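Taking the numbering used here, I'd label the letters of the sequence shown as residues 233 to 547. Ideal placement from N, C-alpha and C gives every residue a C-beta, glycine not left out. Since the structure is predicted, the reported quantities are computational estimates derived from the model, not experimental observations. Worksheet: one structure, shown below.
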Amino acid sequence: MSQDILQQIGGTPLVRLRRIGSRLPCEIWVKCEHLNPGGSIKDRIALAIVDDAEARGVLRPGMTLIEGTAGNTGAGLALVAAARGCRLVCVMPEKMSIDKRSTLAALGVEVIITPNAPPSSPDNFRNVAERLSRENGWFLTDQFRNPANVRIHQETTAKEILEQTGGSIGAFVAGAGTGGSSSGVGRRLKAHHKDIRVVLADPVGSALAAWVETGSPGPDGSYAVEGIGAAEPPLNLHRDVIDSVERISDDESFEVTRRLIREEGLLVGGSSGTNVAAAMRVAASGQVSGPIVTVLPDSWDRYRSKAWMQAPWPN
Ligand code: PMP
């Protein structure tokens, strides 16, 4: 029995890819974060950020929360806000799916849509969230900078992976939106064993891959996968944790997502395809011994309206 739904956040299953990974030199294991109550890995950080702010006395009942989000942090925060009696405003770039907008609307969240503007623009979703927070005295949960984000992945996601694998892991692969999951899980796994390789899965068009490799962000391009990649590195992405990068195109991400759904019965979204495509490349390289672990960040129901999700299955 749970006292409330928030107690069901985390503790997600780790599942082996039986068909997709069958011909690869090492196994791929996926952490099913799409099975969190709010439908994504971001439930973990939503709860952690609110708990931390309440403990520090900066967030009190009745206050309004605001966040710039690709949608999933918004859904996680909505569950927490409901349980804690707070109002929630989410600022979301227009690129994000209609399904995410309607999820947030159903949860009673006030949603503000911004143009797909670069970080230098006042219309950028993060800048709009910061401005509204300043002007109205709303609490900015600030997932891109808040250290509670990285910390909760060290304390829960990574700890669970170590328990579920017995600590025997060749590599950990993840994309970065805020960087919280890749940095937090990566850091804790490396502290467990320095030879565990941490690989960033980055969409072609994101500036992060070049930044990890050279220290300077690459050109800011466009791509359709949601929730990962960025034009500028977020503070919560710790470059020293990442050993290498795999660049994955939209086509490859969506193709692998459809395979995860159809061949493995895993009802997941586009960034899961990016992560697993990158994990398959790392496995195929033959440079890693031991299983490769990655995360399935969110659920397919966030993308029902997208053309790539509706594409007919090949025979
Ligand atoms: N996939 C999706 C669909 C997401 O919404 C996010 C979070 N923006 C991520 C992956 C990446 O997670 P993180 O913020 O921990 O880097």
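Backbone secondary structure at S481 - three-state DSSP
Reading the sequence shown from its first residue, position 249 is the one you call residue 481. Residue state, collapsed to three classes: coil.
Should P435 be listed as close to the ligand ADP, given that the test is whether its C-beta is under 7 Å from any heavy atom?
In the structure on display, the ligand ADP does not appear, and the ligands it does have are the ligand PMP.
Neighbourhood of E464 by C-beta distance below 7 Å, restricted to the same chain and skipping five residues each side:
Against the sequence shown, residue 464 aligns to sequence position 232. Taken in chain order, the residues that qualify are P351, A439, P449.
Checking 8 Å against the spacing of the C-beta atoms, do Q375 and N368 come in under that value?
Counting from one through the sequence shown, the residue named residue 375 turns up at place 143. Counting from one through the sequence shown, the residue named residue 368 turns up at place 136. Taking 8 Å as the Cβ cut-off, Q375 and N368 do not qualify as a contacting pair.
Here's a check: name, in chain order, each residue in its chain whose Cβ is nearer than 8 Å to the Cβ of V360, leaving out the five neighbours to either side.
Along the sequence shown, read from residue 1 onward, the residue named residue 360 stands at position 128. Excluding positions up to five away in sequence, the list reads G300, V323, I344, T346, P354.
Using the Cα positions of G399 and L246, report the straight-line distance between them to the nearest angstrom.
Taking the sequence shown and counting its residues from 1, the one referred to as residue 399 is at position 167. Taking the sequence shown and counting its residues from 1, the one referred to as residue 246 is at position 14. Going by the C-alpha atoms only, they are around 13 Å apart.
Beta-carbon proximity list for S521, same chain, < 6 Å, skipping 5 on both sides
In the sequence shown, the residue the question calls residue 521 occupies position 289. So the qualifying residues of the chain are G402.
Between the CA atoms of D434 and V340 - distance to the nearest angstrom
Working through the sequence shown from its first residue, we reach residue 340 at position 108. Working through the sequence shown from its first residue, we reach residue 434 at position 202. One point to set straight first is that residue 340 is Gly, not Val, in the sequence displayed. So the alpha carbons of these two residues sit roughly 32 Å apart.
Measuring only the C-alpha atoms, how far is A338 from N268?
The residue given as residue 338 occupies position 106 in the sequence shown. The residue given as residue 268 occupies position 36 in the sequence shown. Spanning the two alpha carbons is a distance of roughly 18 Å.
Going by Cα to Cα distance, which pick from V514, I480, I298 is closest to C258?
Translated into the one-based positions of the sequence shown, residue 258 becomes position 26. Answer by Cα proximity: V514.
Could you tell me the alpha carbon to alpha carbon distance between L394 and S413, rounded to whole angstroms?
Start at 1 with the first residue of the sequence shown, and residue 394 comes out as number 162. Start at 1 with the first residue of the sequence shown, and residue 413 comes out as number 181. Cα-Cα distance, rounded: 15 Å.
Given 8 Å as the limit, is there contact between the region 440-447 and the region 490-497, that is, 3 or more CB pairs closer than that?
no
L246 lies in the beta strand (DSSP E); which residues open and close that run?
The count along the sequence shown starts at 1 and reaches residue 246 at position 14. Here the beta strand (DSSP E) through L246 covers 246-248.
Mapping DSSP to helix, strand and coil, what is M233?
Counted from its first residue, the sequence shown places residue 233 at position 1. In this structure, M233 counts as coil in the three-state DSSP scheme.
Let me check you understand the geometry: is the CB of D530 closer than 7 Å to at least one non-hydrogen atom of the ligand PMP?
Numbered from its first residue, the sequence shown carries residue 530 at position 298. Because some heavy atom of the ligand PMP lies under 7 Å away, the Cβ of D530 counts as near it: yes.
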